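What follows is one structure encoded as structure tokens, with my remarks underneath.
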Amino acid sequence: FGRTRTRSARRILEDLYPLVSLEGVQVGLVSPETGDYPELSELLSGVASLGIPVSFASLRVDNINEEIVSALTRSGRHTLTVAPEAGNDRLRRECGKYFSNDDIIERLSMASSLGIRQVKLYFMTGIPGETASDVDDIASLCDRVRSEARLRVTASVGIFVPKPMTFWEREKMISERDASNRLKRLRRLFSNGPAKGCRINIQQPKEAALEFSIAWRGLSGRDGPILPAGRISGAPGPAPEQRSLLLEQLGILGYN
637 FGRTRTRSAR
647 RILEDLYPLV
657 SLEGVQVGLV
667 SPETGDYPEL
677 SELLSGVASL
687 GIPVSFASLR
697 VDNINEEIVS
707 ALTRSGRHTL
717 TVAPEAGNDR
727 LRRECGKYFS
737 NDDIIERLSM
747 ASSLGIRQVK
757 LYFMTGIPGE
767 TASDVDDIAS
777 LCDRVRSEAR
787 LRVTASVGIF
797 VPKPMTFWER
807 EKMISERDAS
817 NRLKRLRRLF
827 SNGPAKGCRI
837 NIQQPKEAAL
847 EFSIAWRGLS
857 GRDGPILPAG
867 RISGAPGPAP
877 EQRSLLLEQL
887 GILGYN
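Residue numbers for the sequence shown follow our numbering, so the first one is 637 and each next one is one higher.
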């Protein structure tokens, strides 16, 4: 993909100037990781001087700081979105994320002290190597955030889907039966267990199976094969020769 390319804060602010006179304008900062933008301080200061509310997509835990939180609360926003992925440090490291549960509590406690009232936490189940105890840890972490950081917690739990050309493309996807059992376990933990008082949203196993189908085999239609999503769940990642099908499907969609 070549070197990282960013627009200067000056250029972004110049684009925003004509919008100041309009009513209801808000700025959403969208990037793979907003906190990594090298001129974020200048940009936030400039947006604040224009009097335009600002919001962020999901933030990496180590990028949550007082400046970002203050920018949100000044804009009347009191919700943060964070993706721990797993409920404990061990499994999170397997996902390539090297912050701890204690780091999460520390940053969210700081955010709470500055006016954040709610946090949305994104998790996955079915990650390679996950155990029943790891599933329980999702509920335990949510309880810690609620009780220690004093925030309202909404957990969104998706099902791990191996994607092409990623580190885990060869891993087997969890079966629909196993996924359903783990999600039922989580519902119990959130209704009568340690995470009671926290909300939970879950991805349905059939949705994850369809996601697998889209990622690897393409969609049904005039130009693509029909592949029942129900046959995918529990299947391993594709063999190397199946990459040609993926490239063919991308060509059909115009990505040459």
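Here a beta-carbon is modelled for each residue, glycine too, at the ideal position from N, C-alpha and C.
What you are looking at is a predicted structure, and each value in this text was computed from that prediction instead of being measured.
Which of helix, strand or coil does DSSP assign to residue i?
i, result
"residue 793", "strand"
"residue 735", "coil"
"residue 653", "helix"
"residue 741", "helix"
"residue 670", "helix"
"residue 868", "With a pLDDT of only 45 at residue 868, under 50, the local geometry of the prediction cannot be trusted, and no value is derived from it."
"residue 721", "strand"
"residue 709", "helix"
"residue 644", "coil"
"residue 750", "coil"
"residue 639", "coil"
"residue 660", "coil"
"residue 694", "coil"
Using a 10 Å radius around the Cβ and a threshold of 16 neighbouring Cβ atoms, would you call residue i buried or exposed?
i, result
"residue 803", "exposed"
"residue 674", "exposed"
"residue 723", "buried"
"residue 806", "exposed"
"residue 703", "exposed"
"residue 825", "buried"
"residue 651", "exposed"
"residue 720", "buried"
"residue 657", "exposed"
"residue 849", "buried"
"residue 830", "buried"
"residue 844", "buried"
"residue 750", "exposed"
"residue 800", "exposed"
"residue 672", "exposed"
"residue 738", "exposed"
"residue 693", "exposed"
"residue 659", "exposed"
"residue 813", "exposed"
Would you mind stating whether residue i and residue j have Cβ atoms separated by less than 8 Å?
i, j, result
"residue 747", "residue 705", "yes"
"residue 682", "residue 655", "no"
"residue 793", "residue 759", "yes"
"residue 701", "residue 669", "no"
"residue 732", "residue 809", "no"
"residue 711", "residue 689", "yes"
"residue 847", "residue 789", "no"
"residue 784", "residue 741", "yes"
"residue 716", "residue 755", "yes"
"residue 757", "residue 778", "yes"
"residue 708", "residue 691", "yes"
### Message
In chain order, what are the residue ranges of uninterrupted alpha helix (DSSP H) at least 4 long that sit wholly in the region 755-819?
### Response
Entirely contained in the region 755-819, the alpha helix (DSSP H) runs reaching 4 residues are, in chain order, 768-784.
### Task
Check whether the region 758-776 touches the region 804-818, taking contact to mean three or more Cβ pairs, one atom from each stretch, closer than 8 Å.
Touching, yes.
### In chain order, each beta strand (DSSP E) run of at least 3 residues that lies wholly inside the region 825-860
Counting only runs of 3 or more, we get 835-838.
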